[in-house]
Structure formats: structure tokens, C-alpha cells
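Remarks on the structure that follows.
2 protein chains.
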Amino acid sequence: MHPSASGANLPVLRGHNAALVLDLLRAAARADGGLSRADLAERTGLTPQAVSKITARLRTRGLIEESGHRAPTGGKPRTGLRLAAGARHAVGVHLDGERLTAVLTDLAGRQVGERTAPLDLGRPVDEALGAVAAEIRATAATASGPVIGAGVGIRGPLDHRTGVLHRVTGFPHWEGCRLRDELARRLGLPVAVDKNTNAAALAVLAAGPVPAAGPAAGTGVEAGAGTGVAIGARGGGATVGSFAYLHLGTGLGAGLVLDGALHRGGRTGAGEFGHQAVQLDGPPCKCGNRGCLEALCLAAVARGDLRGAAALLGVGAANLVALLDIDRVVLGGRTVQADPGGFRAGVAEVLAARGRRVPVAVAPPLAVAEGAALLVLAPFFTAAALG
Amino acid sequence: MHPSASGANLPVLRGHNAALVLDLLRAAARADGGLSRADLAERTGLTPQAVSKITARLRTRGLIEESGHRAPTGGKPRTGLRLAAGARHAVGVHLDGERLTAVLTDLAGRQVGERTAPLDLGRPVDEALGAVAAEIRATAATASGPVIGAGVGIRGPLDHRTGVLHRVTGFPHWEGCRLRDELARRLGLPVAVDKNTNAAALAVLAAGPVPAAGPAAGTGVEAGAGTGVAIGARGGGATVGSFAYLHLGTGLGAGLVLDGALHRGGRTGAGEFGHQAVQLDGPPCKCGNRGCLEALCLAAVARGDLRGAAALLGVGAANLVALLDIDRVVLGGRTVQADPGGFRAGVAEVLAARGRRVPVAVAPPLAVAEGAALLVLAPFFTAAALG
DNA sequence: TCCACTTTTGCAACAGTGTTGCCAAAGTGC
DNA sequence: GCACTTTGGCAACACTGTTGCAAAAGTGGA
Numbered sequence: 023m024h025p026s027a028s029g030a031n032l033p034v035l036r037g038h039n040a041a042l043v044l045d046l047l048r049a050a051a052r053a054d055g056g057l058s059r060a061d062l063a064e065r066t067g068l069t070p071q072a073v074s075k076i077t078a079r080l081r082t083r084g085l086i087e088e089s090g091h092r093a094p095t096g097g098k099p100r101t102g103l104r105l106a107a108g109a110r111h112a113v114g115v116h117l118d119g120e121r122l123t124a125v126l127t128d129l130a131g132r133q134v135g136e137r138t139a140p141l142d143l144g145r146p147v148d149e150a151l152g153a154v155a156a157e158i159r160a161t162a163a164t165a166s167g168p169v170i171g172a173g174v175g176i177r178g179p180l181d182h183r184t185g186v187l188h189r190v191t192g193f194p195h196w197e198g199c200r201l202r203d204e205l206a207r208r209l210g211l212p213v214a215v216d217k218n219t220n221a222a223a224l225a226v227l228a229a230g231p232v233p234a235a236g237p238a239a240g241t242g243v244e245a246g247a248g249t250g251v252a253i254g255a256r257g258g259g260a261t262v263g264s265f266a267y268l269h270l271g272t273g274l275g276a277g278l279v280l281d282g283a284l285h286r287g288g289r290t291g292a293g294e295f296g297h298q299a300v301q302l303d304g305p306p307c308k309c310g311n312r313g314c315l316e317a318l319c320l321a322a323v324a325r326g327d328l329r330g331a332a333a334l335l336g337v338g339a340a341n342l343v344a345l346l347d348i349d350r351v352v353l354g355g356r357t358v359q360a361d362p363g364g365f366r367a368g369v370a371e372v373l374a375a376r377g378r379r380v381p382v383a384v385a386p387p388l389a390v391a392e393g394a395a396l397l398v399l400a401p402f403f404t405a406a407a408l409g
Numbered sequence: 023m024h025p026s027a028s029g030a031n032l033p034v035l036r037g038h039n040a041a042l043v044l045d046l047l048r049a050a051a052r053a054d055g056g057l058s059r060a061d062l063a064e065r066t067g068l069t070p071q072a073v074s075k076i077t078a079r080l081r082t083r084g085l086i087e088e089s090g091h092r093a094p095t096g097g098k099p100r101t102g103l104r105l106a107a108g109a110r111h112a113v114g115v116h117l118d119g120e121r122l123t124a125v126l127t128d129l130a131g132r133q134v135g136e137r138t139a140p141l142d143l144g145r146p147v148d149e150a151l152g153a154v155a156a157e158i159r160a161t162a163a164t165a166s167g168p169v170i171g172a173g174v175g176i177r178g179p180l181d182h183r184t185g186v187l188h189r190v191t192g193f194p195h196w197e198g199c200r201l202r203d204e205l206a207r208r209l210g211l212p213v214a215v216d217k218n219t220n221a222a223a224l225a226v227l228a229a230g231p232v233p234a235a236g237p238a239a240g241t242g243v244e245a246g247a248g249t250g251v252a253i254g255a256r257g258g259g260a261t262v263g264s265f266a267y268l269h270l271g272t273g274l275g276a277g278l279v280l281d282g283a284l285h286r287g288g289r290t291g292a293g294e295f296g297h298q299a300v301q302l303d304g305p306p307c308k309c310g311n312r313g314c315l316e317a318l319c320l321a322a323v324a325r326g327d328l329r330g331a332a333a334l335l336g337v338g339a340a341n342l343v344a345l346l347d348i349d350r351v352v353l354g355g356r357t358v359q360a361d362p363g364g365f366r367a368g369v370a371e372v373l374a375a376r377g378r379r380v381p382v383a384v385a386p387p388l389a390v391a392e393g394a395a396l397l398v399l400a401p402f403f404t405a406a407a408l409g
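Protein chains in written order, with my numbering: chain L, 23 to 409; chain Z, 23 to 409.
Below is the structure:
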């Protein structure tokens, strides 16, 4: 591979624009319903004629379709275009220690099916993988159209690029498991693996901006310098922004979306949120240090002090919001789901007290599984409109 | 403006590739010297013929030039191409409270001149701005070619997009100063404003990867999903990676480069590193909270405990490396420059003790001013190779 | 000294992108 | 019924990178 083969030729250009259009239609599909060619031209900055050509190609491929007419405003009414959401499906799996949750989603990433099964990671790897593959197959079997692959969300540390697990707390025989390739071989389908926090963050990203009005943020583009991202930086089709997904379950971790893109770091290590020191002389953590946020937070949970846990989570969130200038915070994980309102309020309170006024929300319970499915759908909205 | 006008047409494509080539030549200019057309083709992934056309256009514009021949390897020797570094110049200014440091740089961002002058922010804004403008003019006057603008690095908080200062600690009459526009008016030149930490981070980014061998990091590109950045994400022409610049002076802040791009956040607020809580029951900070890293660190400095300050900085760095999976840490700021070796060692020690083995370096003293100049040079390496 | 060989670069023709100019289609409103 | 507005497609176009081929400029061996 080239060290930095980022030169763009005509096929790349075409793929980029096609993916952009498809992404806008995906976002629209999850909101009102559709967009016209004129809408797309306005939002992409391309000419209407270019959009016509692009949508014609996508229509030929069966990825989008026309959908009636909009109400006219004094001229010819706009023809609606929408994602042919049923044209492709994906399976997303959340491996949560003792439970497996699988969802089937359409091309827009919307859930259209669900399965749950117990999962015993204590079994031999080969057996367990067979069970996981069987669940994925069973989920895929309910799809009305082709299934393009399966995504898996699981606790880190792991390497997203290679799909290899580094370590699974409590189950040392899983260390080094080539999860992606093993599942892909069993399924005969493309498989993608990522941390549960990253998967959930993708689901939140795809769900679009917070329903309520967001915080004030000027949209004025100006002539100042901006080293870094060139053409092509974009988010989930809607407002580009930043948020952190904080996951409190058997551990504490984060999924970071910065400027509309998930930040994984070079070794899929980003998001290690739980082992920040917040009490230098605090109690020892199993990581070897003292005063880690995770240790304090889980201790509070263990003694039933959910308010205290939420407050601690709020402190960590405040640190993070300050460091990254993040627009909103989303909470998730089994512990949070036990008292969503309490955690939301507790975290928001600490954030406000520290002058970091950002909206706080709770992610849907299936966010990890949904996001895992998005892992395999992503290529459609990035460049894979080729072929 | 379009909400997300990221559609790419032919001019955008051309600009992207031209900027990419120029950026590679800039990086080369700061290292060995030059690259041939064949080198560029290899690194961009474009065909040699495309590179020939692109370089011909850049040569017509006087931005690059041929530079002798490489040693042949059994065929026609490669013709060297290099940035016409003297074709453009820029001024970078660091406003550091009581001192102004201005540098003149060439197109490659290399320093070719320097001026220092006392600065009294206690004076009326108008007077002080006049003095700053005069220094910039004096610096620009020494340039052998056209000066395309001036960049200013100053302590935050401020808004990079608008160039407006929010607040200058100790000098309330500067609040709300439209620094960018005021200077641009006085100079008749484009001006860009950014936080000192961001400017320094840009300088570190432009300087390229750490001279010694970097940490291991697989370069295998694979077929997994990667929602987010599409074409065009790139860094300073060299290895794309992440690092944090930590600035310890009269305050404590950070400049974050993630995946090769400076992360500013939506409100230029990113990098507020000093007000992370690391001691929940610690001493009060002027920000209103307790146990902020900045308060602890500056207290250590005040009592002459530089080792203690370095250790605290190391704790903060470890938190940050864990959260963002960062490849290296770079230190800077007046306090660090007082004992570079001690801080480097102290921070590295804490990082290692916490299992975050990343290289630690100290930035050159003029990093902020140099980075400020890069703010105005950036458009050349992003898209401004247009008409 | 000559000649095959390799490698780099350029010229010319080409494929395919988005753009421009123009026009038919399909509504509203008087 | 007719002027007007708006949408979207057809055709010609400009300009991108690509492909095919040849010239330039070296090496190395006979």
C-alpha cells in the first residue's frame, strides 16, 4: 500500500459524491422521509444536473427509488427520492459477557429484527464462536433481502483494523482471538469488529442530532486557516458535530465522535475513559494506578450509591467536554439503563455546576448492536458506490 | 452557505490533488530536499502522467521548481522537484503577555527571520494593536518575496473562526476584541488568529514525525468499516498520527492533533487541559472547581518543585494518552523551557509507570510563532491552489 | 564504440466527471 | 385559458485523470 495514497481520481470523485448523496438520503430516511433532487443539489453544493446523473446511477443499482411528489410551491412539484432501505440488510451483534444481542437492520440502519441468547464465554472459543455464528445466521435468515455482512461490538481492548481481540477480562482463553476472520470464515460474509463503545457511538451518530434544539453554534464559514481535513470530512448526513458516548457497565469506557467522525486512535485504543486519574491519592485500581474514575464509579455502584456514581461520571464528562469541546454527552451501558433518568440528571447537574453546559441524553438500550450493524453498512456511505 | 456543501466537482478535485502534491513537497523540503514526479506518483497513488500535469500547473504558478537530478538506478535519472520556498512568505506572531515574538517564514514554514519586542497589554487596545501591527510590518519588510498574511497565536479563550478574543486573563479591556479584523485592517493583509497551543501544535505537525524511529503501528489498510472521514483526510505530508502538545506557561493548555488534523472543537474550545479534575477534594482553582491539574501544577512550580510539576503534568498526559490513543507527547511553554530535560524525563517517567509508553519531546521555543505563520500558509496546502 | 536494456517523462487520444444552455413537463394563480 | 414558476432531462462542453506510445537519458555488457 502507498504510505498516504490520498490522491483523488475520477472514480474516487464519483464514489465520494455518490456516497454523500446516499448518506443524505439515509439521514432523511430516519427523519421525515425523503429528499428531492433539488434538495440534494442544495445540500451538496452540486448542480441539479449533477445530482440527476448521480441519482440515476444509484437508481440503476437499486439503492434508491422515487417516492411520490412533494406539495408544489408554485411550480412543478419536487419528486421525492428515498433510500431503498430494504435493498440491503446487515446484522449487528452485541457480545455482552453473558448475553448476545443481535439485530437485523435495513440499509438505513433501522432495526427490523432482534434476537437475544445467552452466551457463555467460559466455553472453548471454537464452540462459542460456533454459537455466535449460528445466532447471526438465524438473525440473517429473517431478512427479506440480501444481507451484506455482520458487525460485532464487544468490550475492548481489541484492534478494529484486524478484528483481533487483545484481551477479554475474566476469560483469558479468548486473548488473541481473530474474531473477525473466524466469524467471516464460518459465515461466508464480511465481518467487522469494534469496541462496544465505538459501535454505540456510531449508532448515536447515525440517529442524527438530538431531537430538541441543539446548543448555539455559529455556522459562519470564514476565510481563516484550517489545516487538516480537506474535502470529504463529513458526519452522519446531518449536522456535523462532536459528542461522547459514555458507557457504564461492567467497565467504564467512551466512544468519541469528533467533527462528525468516530475517533478510534491508531490502535483502536481511544476512549479509555475509565482509567483517568481523578483522585491522585485514591483507592488502588486493578490497572495498577490510584484513583481511577472507573474504580471510584464502580465502587459507588457496588454500594448502591447511584447518585454518587452519576456525579463521578459527571466529573469525568466535564473533563472530557473541556478537553475536546464536545457538543453533547450520551450515556449508555447496563448500569445506566438501570436508572436512565437518574444518571442523566446527575451527570447534567455536575456538568452545569462546572460550567460545561451541554445536553445530556441516554442512548437506546440496543445502541451497541445497532451500531455494530452500521460497521458493515458504512462502506455504502463512504465510497463503496463503485463496482 | 450550504449546511454541508461537501460535494466535490472538478475544481475541487484539482485543488485537492494540487494541495496534496504541494504538501508532500513541503514536507520533503523540511527533510532531505525534494521529490521526483515518480516519487509523487507513488505517494499519492496517482499515475505519473497525472503528476506531470499537476506539477506543470504548479510550476507555471511559480510554486515549485526543478532542482537537478537524482542518482540514476539503471535508467533515466529522476528529475528533482522542490517547493519554491521563497515564492511566498508569512509572518507568525506569538503574543505572550508581556512579550511579542514575530517570525518570518518561507512557504515551507521554515523560519527565515525573527523579531522580539516588549508588549504591554495594559495599554489601550488601539495603541497596543498599532504596536503589534508595526512589528508585523517591520518583520514583513525583511522578506525577499511577497508576504501573504500574518498569523497570531495567543492564549485563549478565543474563537478561531471569527478571530475574536473572548477574554485575556488580567486584561479585561481586551475582552471581545476583534483581533483578526482589526489587524487585517491595519495591515491590509489576511490575518488568522488561533490559540497559542493550537499554533504550536501546527508547528510540531509541520515539523514532521519525531526524528528517531516512532512507535510500532501497523500500516495495513484493511477492508473493515470506517465511518467518517472520506477522501482527503491527511496530515502534514508525513506520517499521519496523533499527538498532544502540552503548554505550561502562565496557564496549562493543550493542542490536539488527531489523525493528522488539528482538533479545535466547534467553539475553538478544545485543549482545555488544565482544568481537568485530578484531585476531587483538592485545593480550589480560580475556575471555581477543586483539584484542577493547572492549579496543582502551577502551585508546584510556584514553590520551586519542578519535579512535582512534571509528575503532575505526566498524570494529565497519561489521562489524555489513554483517552485519545495518542502517539506522542510534546511539551512547551515558558515553564517547560526553563528545564526542558527535567520536564521531558519527568513526564516520560510517569507515562511509563502508568503503562502509556509514548515518546515525549520538547517543542522548540519559537513553536507558537512558527505555527502562527502556518495558519496563513495552510490554504496553500489544503485547496487554495485555485485561481 | 556500439547496442540492448531500464527508467523517467511527455505528447496525443481517450473515458468519464460535473457544468452550462436549452427545453419539455407540471404545477399555481389570475 | 394563459402567464408564470419550478423541476428535471437532453445535448454539447470543459476539464480531470488515464492509457498507449515514443523520446530522452542514463547503465552495463559485448
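For each residue, glycine too, the CB sits at the ideal point set by N, CA and C.
Could you please give the first and the last residue of the uninterrupted alpha helix (DSSP H) stretch that includes residue i?
| i | result |
| --- | --- |
| K75(Z) | 70-82 |
| A124(L) | Unbroken run through A124(L) is the beta strand (DSSP E), 121-128; no alpha helix (DSSP H). |
| A410(Z) | Past the boundaries of the shown model lies residue 410(Z); chain Z is included only from 23 to 409, so the question cannot be answered. |
| A60(Z) | 59-66 |
| E204(Z) | 201-209 |
Could you tell me which residues DSSP puts in a beta bridge with residue i?
| i | result |
| --- | --- |
| V154(L) | DSSP output for V154(L) lists no bridge partner at all. |
| D181(L) | V186(L) |
| Q301(Z) | Q301(L) |
| P306(Z) | R312(Z) |
| G277(L) | Y267(L) |
| L284(L) | V279(L) |
| T101(Z) | H91(Z) |
Residue range of the beta strand (DSSP E) that residue i falls in?
| i | result |
| --- | --- |
| V174(L) | 169-176 |
| P386(L) | Taken as a continuous stretch (DSSP letters only), P386(L) belongs to no beta strand (DSSP E), as it is neither H nor E. |
| R350(Z) | 350-354 |
| A139(Z) | 133-140 |
| D216(Z) | 213-217 |
| H38(L) | Here H38(L) belongs to no beta strand (DSSP E); instead the alpha helix (DSSP H) covers 32-51. |
Taking 6 Å as the cut-off, is the CB of residue i close to at least one heavy atom of the ligand MG?
| i | result |
| --- | --- |
| D347(L) | Looking at this structure, you won't find the ligand MG or any other ligand, since it has none at all. |
If distances are taken between C-alpha atoms only, which option among the options comes closest to residue i?
| i | options | result |
| --- | --- | --- |
| E21(L) | L47(L), L129(L), V125(L) | The structure shown does not extend to residue 21(L), since chain L is modelled only from 23 to 409, so the question has no answer here. |
| A389(L) | L353(L), R378(L), A405(L), T404(L) | L353(L) |
| V169(Z) | T404(Z), L399(Z), E392(Z), F403(Z) | L399(Z) |
| G296(L) | V351(L), L320(L), G304(L), D303(L) | L320(L) |
| A150(Z) | R208(Z), S166(Z), G96(Z) | R208(Z) |
| A292(Z) | Q301(Z), G277(Z), D303(Z), L302(Z) | G277(Z) |
| V343(L) | V369(L), G355(L), R329(L) | V369(L) |
| L339(Z) | G90(Z), G275(Z), V113(Z) | Note that residue 339(Z) is Ala in the sequence shown here, rather than Leu. Considering only alpha carbons, the answer is G275(Z). |
| T127(L) | T161(L), G56(L), T191(L), A206(L) | T161(L) |
| A394(L) | I158(L), T95(L), T66(L) | I158(L) |
| V134(Z) | A93(Z), C199(Z), T164(Z) | T164(Z) |
| H116(L) | E392(L), V279(L), G55(L) | E392(L) |
| R325(Z) | V351(Z), A266(Z), T357(Z) | T357(Z) |
Between the region 209-219 of chain L and the region 179-187 of chain L, do three or more beta carbon pairs fall short of 8 Å? yes
Contact between the region 56-74 of chain L and the region 97-115 of chain L: three or more CB pairs below 8 Å? yes
The region 263-278 of chain L: which residues have C-beta closer than 9 Å to a C-beta of chain Z, in chain order? G263, S264, A276, L278
Got a sec: which bits of the region 196-210 of chain L sit with their beta carbon under 8 Å from any beta carbon on chain Z, in order along the chain? R202
Check whether the region 377-385 of chain L and the region 355-369 of chain L touch, using three or more Cβ-Cβ pairs below 8 Å as the test. yes
If we count Cβ pairs, one from each stretch, closer than 8 Å, do we get three or more for the region 328-339 of chain Z versus the region 260-277 of chain Z? yes
Is the region 137-148 of chain Z touching the region 369-378 of chain Z, taking contact as three or more C-beta pairs under 8 Å? no
Using a Cβ cut-off of 8 Å, which residues of the region 353-386 of chain L contact any Cβ in chain Z, in chain order? R376, G377
On the three-pair Cβ rule with 8 Å, is the region 218-230 of chain L touching the region 277-288 of chain L? yes
When you check each C-beta in the region 61-85 of chain Z against every C-beta of chain L, which residues fall closer than 7 Å? E64, R65, T66, G67, L68
Contact list for the region 338-352 of chain L against chain Z, Cβ threshold 8 Å: A340, N341, L342, A344, L345, L346, D347, I348, D349
Check whether the region 24-43 of chain L touches the region 70-77 of chain L, taking contact to mean three or more Cβ pairs, one atom from each stretch, closer than 8 Å. yes
According to a CB-to-CB cut-off of less than 8 Å, which residues of the region 281-303 of chain L neighbour chain Z? D281, G282, A283, L284, H285, R286, G287, G288, R289, T290, G291, A292, G293, E294, F295, H297, Q298, A299, V300, Q301, L302, D303
For the pair the region 43-53 of chain Z and the region 40-54 of chain L, tell me if three or more CB-CB distances fall below 8 Å. no
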